[in-house]
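Quick note: the sequence shown uses our numbering, first residue -18, plus one each step.
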Amino acid sequence: MGQAMKIAIVDDEVDMRESIGQWLALAGYDAQTYASARDALKQIDANYPGIVITDLKMPEIDGMQFLKKLLAQDSSLPVIMIT
């Protein structure tokens, strides 16, 4: 059996972030949760996910700014934006 796909969840709302993370973990994925886009950007190179799920409305770096920075690092990384 292969390794579980890594999915990064980025959301400043703890309930939403943890709920999505738990649901994905129960489905067999390796859910990596981040409280901010800044935290995620620091960790994504080391913990390269197969897909990123991010909130659109976040403080400091919003979802669109995060998307631009993320795609500058890897333009092939799939991203799902939620709000």
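Ideal placement from N, C-alpha and C gives every residue a C-beta, glycine not left out.
* Asked: Which residues share a DSSP beta bridge with residue -5?
  -> Answer is none; residue -5 lacks a bridge partner.
* Asked: What whole-angstrom Cβ distance do residue -11 and residue 40 have, given they're in contact under 8 Å?
  -> The Cβ separation is near 18 Å, so there is no contact.
* **Buried or exposed by the 16-neighbour rule on C-beta atoms within 10 Å, applied to residue -17** => Residue -17 is exposed by the Cβ-count criterion.
* Asked: Ordered along the chain, which non-local residues of its own chain (more than five positions away) have a Cβ less than 8 Å from that of residue 59?
  -> Taken in chain order, the residues that qualify are 31, 32 and 33.
* Comparing alpha-carbon positions, which option in 62, 52 and -3 lies nearest residue 25? -> The shortest C-alpha to C-alpha distance from residue 25 to any of 62, 52 and -3 is the one to 52.
* What do you get for residue 12, buried or exposed, if any count of 16 or more other CB atoms within 10 angstroms of its CB means buried? -> Under the 10 Å beta carbon count, residue 12 is surrounded by 16 or more other beta carbons and is classified as buried.
* Relative to the alpha-carbon of residue 18, which residue among 8, 10, 28 and 37 has its alpha-carbon at the smallest distance? -> Nearest C-alpha to residue 18 among 8, 10, 28 and 37: 37.
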